[in-house]
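Peer 1: I have a structure here, written as structure tokens, and I will follow up with some questions on it.
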Amino acid sequence: MSFLDVLSVIWSGFGVTAEVTLLSLAYGVPFALIFGILQFTTQGWCRHAATIVIEFWRSSPVIILLFVFYYALPLAGLTLQAMSVAALVLGLNIGGYGSQAVRAALQSLDRGQYEAGMAMGLTRIQTLMLIELPQALKAMVPTFVNLLIQLVKGTALVSLITLADMTYKAKSVAQMTFDPASAYMGLLLSYFIICYPLTILGRSLERRLAVAKEGGHV
Amino acid sequence: MTQEHDAKSDDDAIVQIRNLHKWYGPFHALKNISLDVRRGEKIVICGPSGSGKSTLIRCVNGLERYSEGRILANGHLVDHRSDHLRLICQEVGMVFQHFNLFPHLTVMENCTLALTRVRKIPKAEAIEVAQHFLERVRIPEHGNKYPSQLSGGQQQRVAIARSLCMRPKVMLFDEPTSALDPEMIKEVLEVMTGLAREGMTMLCVTHEMGFAREVADRIVFMDAGAIVEEAPPEEFFGAAKHERSRKFLSQLLH
Numbered sequence: 084m085s086f087l088d089v090l091s092v093i094w095s096g097f098g099v100t101a102e103v104t105l106l107s108l109a110y111g112v113p114f115a116l117i118f119g120i121l122q123f124t125t126q127g128w129c130r131h132a133a134t135i136v137i138e139f140w141r142s143s144p145v146i147i148l149l150f151v152f153y154y155a156l157p158l159a160g161l162t163l164q165a166m167s168v169a170a171l172v173l174g175l176n177i178g179g180y181g182s183q184a185v186r187a188a189l190q191s192l193d194r195g196q197y198e199a200g201m202a203m204g205l206t207r208i209q210t211l212m213l214i215e216l217p218q219a220l221k222a223m224v225p226t227f228v229n230l231l232i233q234l235v236k237g238t239a240l241v242s243l244i245t246l247a248d249m250t251y252k253a254k255s256v257a258q259m260t261f262d263p264a265s266a267y268m269g270l271l272l273s274y275f276i277i278c279y280p281l282t283i284l285g286r287s288l289e290r291r292l293a294v295a296k297e298g299g300h301v
Numbered sequence: 011m012t013q014e015h016d017a018k019s020d021d022d023a024i025v026q027i028r029n030l031h032k033w034y035g036p037f038h039a040l041k042n043i044s045l046d047v048r049r050g051e052k053i054v055i056c057g058p059s060g061s062g063k064s065t066l067i068r069c070v071n072g073l074e075r076y077s078e079g080r081i082l083a084n085g086h087l088v089d090h091r092s093d094h095l096r097l098i099c100q101e102v103g104m105v106f107q108h109f110n111l112f113p114h115l116t117v118m119e120n121c122t123l124a125l126t127r128v129r130k131i132p133k134a135e136a137i138e139v140a141q142h143f144l145e146r147v148r149i150p151e152h153g154n155k156y157p158s159q160l161s162g163g164q165q166q167r168v169a170i171a172r173s174l175c176m177r178p179k180v181m182l183f184d185e186p187t188s189a190l191d192p193e194m195i196k197e198v199l200e201v202m203t204g205l206a207r208e209g210m211t212m213l214c215v216t217h218e219m220g221f222a223r224e225v226a227d228r229i230v231f232m233d234a235g236a237i238v239e240e241a242p243p244e245e246f247f248g249a250a251k252h253e254r255s256r257k258f259l260s261q262l263l264h
């Protein structure tokens, strides 16, 4: 099997890798926004509850979460498809980190922005949605691109719960050809091909936002 | 330090501050402050830094919570219920030391935001109102710019226009010229003087004693969280009663 053949087998798993990534984002982005905002705006028990949820997803090893959700939940009568488990676990794990970027970006805003909003009679929610979040979102973009790259790399773990992603395909090639070296070299190259453009995208976004900040334009 | 305010309820008072106290933990930031602002009156609050001037006017629109006493703003009790505060903030405008314009919105959007979102008036109408007040602060041509494209003096004038758009009954100024370069202070003070002439009720924390002398009906001098002296400007600048006020003035006027 030529190296190109190895690559083409690996890339036959790209669809699954992409699907896991996108579905994870569908869990992770809303989770990051909602819990980051909750941590920023609430106090007392509500803030504690949000913090506990965030810390659960941030401080548990993803691979163990995958196994627990895939193998242990069915014992409690709840069976989820492998794809759902993958998206949920990867998404909320990365969303946990994302929530901290959201909270930090909101906290880094000048408090005068909040005060000006409240002083003109806006509600707390209007102040958040019209004044604080639009500014904070810009500050979050670089972190979010980093997290997206983390997420793509993290999807390699889903091969352990039977999903036929690129890593899964590489493993099967390695077993079939008894040539793990070229299988994993090919896999490494494949992830690099996906992630490197994302780092470039991240840097160009950062530059554009830096220019926008100076000029004041969005 | 004991301000003996008789209980005569001044019906003309648009802001009534009665026996106000504020503590930050053990620190007694405002000590038994009573002050009435009558309709159309211009009051300048001055005093050394840390004397509680800003804290006091920030209590009037609820940006700071007070610990004891009470404030009535245009008849509404400032009581930190968010729906009450929103009503009060629609009638009490505020201009901040650091302008606090919204950097992600244009000058025009800054001015129309509260009109469309709080007053719920149509956008076209809001733009007309905003344009009117931008003309009044003499920057009609910068509506489409972003705040960062303007000078500090222009930004503060936009902030004043933004506040005026809501047609407030009272304007609070929290050291509006302290963050400005000297050559820009004048343009902002001119706008404020114009406002005063037109009869706006103003409660203004400032170190600009020239402005105070020209515009104020009363000067309130604060030190260490209490009102030390309250007098018309001629009296305050000519013959301040208290040692502490005289010392402050001598440092200020050299």
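Order-wise, the sequence lines are chains A and B. The first sequence: position 182 = 265 (this note's numbering), numbered continuously. The second sequence: position 80 = 90 (this note's numbering), numbered continuously. Even for Gly, the Cβ is constructed at its ideal location relative to N, Cα and C.
#1: Could one say the Cβ of Leu144(B) lies closer than 8 Å to chain A's Cβ atoms, at least one of them?
#2: Does Ser64(B) pass the burial test, meaning 16 or more other C-beta atoms within 10 Å, or should it be called exposed?
#3: To the nearest angstrom, how far is the alpha carbon of Gln13(B) from that of Asn42(B)?
#4: Rounded to the nearest angstrom, how far is the Cβ of Val224(A) from that of Asn176(A), given a contact under 8 Å?
#5: Whether or not the stretch 169 to 189 of chain B and the stretch 140 to 149 of chain B are in contact is what I'm after, with contact meaning three or more pairs of Cβ atoms, one per stretch, closer than 8 Å; do they touch?
#6: Considering only residues of the same chain and omitting the five flanking positions on each side of Thr125(A), which have a CB-CB separation below 8 Å?
#7: In the DSSP assignment, the beta strand (DSSP E) including Gly4(B) goes from what residue to what residue?
#8: Roughly how many whole angstroms lie between the Cα atoms of Ala206(B) and Ile237(B)?
#9: Relative to the alpha-carbon of Asn110(B), which residue among Gln166(B), Arg223(B), Ile137(B) has its alpha-carbon at the smallest distance?
#10: Are the CB atoms of Ser255(B) and His217(B) nearer to each other than 8 Å?
#11: Strictly below 8 Å CB to CB, what residues from chain A border Leu45(B)?
#12: Please name the residue or residues paired with Ile237(B) in a DSSP beta bridge.
#13: Can you give the Cα-Cα distance for Gly85(B) and Leu125(B), rounded to whole angstroms?
#14: Chain A partners of Leu64(B), CB-CB under 7 Å?
#15: Which bits of chain B does Glu198(A) rub up against, with CB to CB less than 9 Å?
#16: Enumerate in chain order the residues of its own chain whose CB-to-CB distance from Ile149(B) is below 7 Å, with the five nearest sequence positions on each side excluded.
#17: Starting from Thr100(A), trace the alpha helix (DSSP H) both ways and give me its first and last residue.
#18: Report the rounded CA-to-CA distance for Cys69(B) versus Ser77(B), giving the unit in angstroms.
#19: Using a threshold of 8 Å, state whether the C-beta atoms of Thr116(B) and Lys155(B) are closer than that.
#20: Compare the C-alpha of Lys196(B) against each of Gly162(B), Trp33(B), Arg127(B), Glu101(B) and name the closest.
#21: Gln183(A) to Asp22(B), Cα distance in whole Å?
#22: Answer with buried or exposed for Val172(A), where buried requires no fewer than 16 other C-beta atoms within 10 angstroms of its C-beta.
#23: Only counting runs of 4 or more residues, tell me where the alpha helix (DSSP H) segments fall wholly within the stretch 199 to 257 of chain A, in order along the chain.
#24: Contact criterion: CB-CB distance below 8 Å. Does Leu292(A) meet it with respect to chain B?
#25: Counting only C-beta atoms, is Pro113(B) closer than 8 Å to chain A at any point?
#26: Helix, strand or coil: which one does DSSP assign to Ile137(B)?
#27: Is the stretch 241 to 251 of chain B touching the stretch 218 to 230 of chain B in the sense that three or more CB pairs, one from each, lie closer than 8 Å?
#28: Could you run through the stretch 122 to 133 of chain A and flag, in chain order, every residue whose CB is less than 7 Å away from some CB of chain B?
#29: Along chain A, in chain order, which residues have C-beta atoms closer than 7 Å to that of Ser77(B)?
#30: Taking Cβ positions, are Lys133(B) and Ile24(B) nearer each other than 8 Å?
#31: Over the uninterrupted alpha helix (DSSP H) stretch that includes His131(A), give me the two end residues.
Peer 2: Answer, in terms of the structure:
#1: Taking the second sequence and counting its residues from 1, one reaches residue 144(B) at position 134. Leu144(B) does not count as touching chain A.
#2: Within the second sequence, numbered from 1, the residue matching residue 64(B) stands at position 54. Its Cβ being crowded by 16 or more others within 10 Å, Ser64(B) is buried.
#3: Within the second sequence, the letter at position 3 stands for residue 13(B). Within the second sequence, the letter at position 32 stands for residue 42(B). Because Gln13(B) carries a pLDDT of 41, less than 50, the predicted location of this residue cannot be relied on, and the following value inherits that uncertainty. Cα to Cα, Gln13(B) sits roughly 8 Å from Asn42(B).
#4: The residue given as residue 224(A) occupies position 141 in the first sequence. The residue given as residue 176(A) occupies position 93 in the first sequence. Rounded, the Cβ-Cβ distance is 20 Å, inconsistent with contact.
#5: yes
#6: Within the first sequence, numbered from 1, the residue matching residue 125(A) stands at position 42. Excluding residues within five positions, the ones whose Cβ falls inside 8 Å are Ala133.
#7: Missing from the structure shown is residue 4(B); chain B here goes from 11 to 264 and no further.
#8: Stepping through the second sequence from its first residue, residue 206(B) is reached at position 196. Stepping through the second sequence from its first residue, residue 237(B) is reached at position 227. Distance between the alpha carbons of Ala206(B) and Ile237(B): 23 Å.
#9: Against the second sequence, residue 110(B) aligns to sequence position 100. Measuring from the Cα of Asn110(B), the nearest candidate turns out to be Gln166(B).
#10: To locate residue 255(B), count along the second sequence from 1; it is residue 245. To locate residue 217(B), count along the second sequence from 1; it is residue 207. The answer is no: Cβ separation not under 8 Å.
#11: Position 35 of the second sequence, counted from the first residue, corresponds to residue 45(B). Residues of chain A passing the Cβ test: none, with the nearest at roughly 20 Å.
#12: For this step, residue 237(B) is matched to residue 227 along the second sequence. According to DSSP, Ile237(B) bridges with Met232(B).
#13: Against the second sequence, residue 85(B) aligns to sequence position 75. Against the second sequence, residue 125(B) aligns to sequence position 115. Those two C-alpha atoms are separated by around 22 Å.
#14: Here residue 64(B) corresponds to residue number 54 of the second sequence, with the count starting at 1. It is Ser, not Leu, that sits at residue 64(B) in the sequence shown. In chain order: nothing, as chain A lies at least about 12 Å away.
#15: Taking the first residue of the first sequence as position 1, residue 198(A) is located at position 115. Near Glu198(A) (Cβ distances below 9 Å), the residues of chain B are Arg68, Leu73, Met104, Phe106, Asn110.
#16: For the purposes of this step, residue 149(B) is taken as residue 139 along the second sequence, with counting starting at 1. Once the five neighbours on either side are set aside, the close Cβ partners of Ile149(B) are Gln164, Arg167, Val168.
#17: Start at 1 with the first residue of the first sequence, and residue 100(A) comes out as number 17. Taken as a continuous stretch (DSSP letters only), the alpha helix (DSSP H) holding Thr100(A) covers 97 to 124.
#18: Position 59 of the second sequence holds residue 69(B). Position 67 of the second sequence holds residue 77(B). Distance between the alpha carbons of Cys69(B) and Ser77(B) is about 10 Å.
#19: Within the second sequence, the letter at position 106 stands for residue 116(B). Within the second sequence, the letter at position 145 stands for residue 155(B). Taking 8 Å as the Cβ cut-off, Thr116(B) and Lys155(B) qualify as a contacting pair.
#20: Position 186 of the second sequence, counting from 1, holds the residue named residue 196(B). The shortest Cα separation from Lys196(B) among Gly162(B), Trp33(B), Arg127(B), Glu101(B) belongs to Gly162(B).
#21: Taking the first residue of the first sequence as 1, we reach residue 183(A) at position 100. Taking the first residue of the second sequence as 1, we reach residue 22(B) at position 12. Cα-Cα distance, rounded: 51 Å.
#22: For the purposes of this step, residue 172(A) is taken as the residue at position 89 of the first sequence. Label assigned to Val172(A): buried.
#23: 216 to 237
#24: For the purposes of this step, residue 292(A) is taken as the residue at position 209 of the first sequence. Closer than 8 Å: no.
#25: By one-based count along the second sequence, residue 113(B) stands at place 103. Answer yes: the Cβ-Cβ gap between Pro113(B) and chain A drops below 8 Å somewhere.
#26: Here the question's residue 137(B) lines up with position 127 in the second sequence. The answer is helix: DSSP assigns Ile137(B) an H, G or I state.
#27: yes
#28: none
#29: Walking along the second sequence from the start, residue 77(B) turns up at place 67. Within 7 Å Cβ-Cβ: nothing; Ser77(B) doesn't reach chain A, min ~19 Å.
#30: By 1-based counting over the second sequence, the position of residue 133(B) is 123. By 1-based counting over the second sequence, the position of residue 24(B) is 14. It is not a contact, given that the beta carbons lie outside the stated cut-off.
#31: Locating residue 131(A) in the first sequence gives position 48, where the first residue counts as 1. Counting along the chain, the alpha helix (DSSP H) containing His131(A) begins and ends at 128 to 142.
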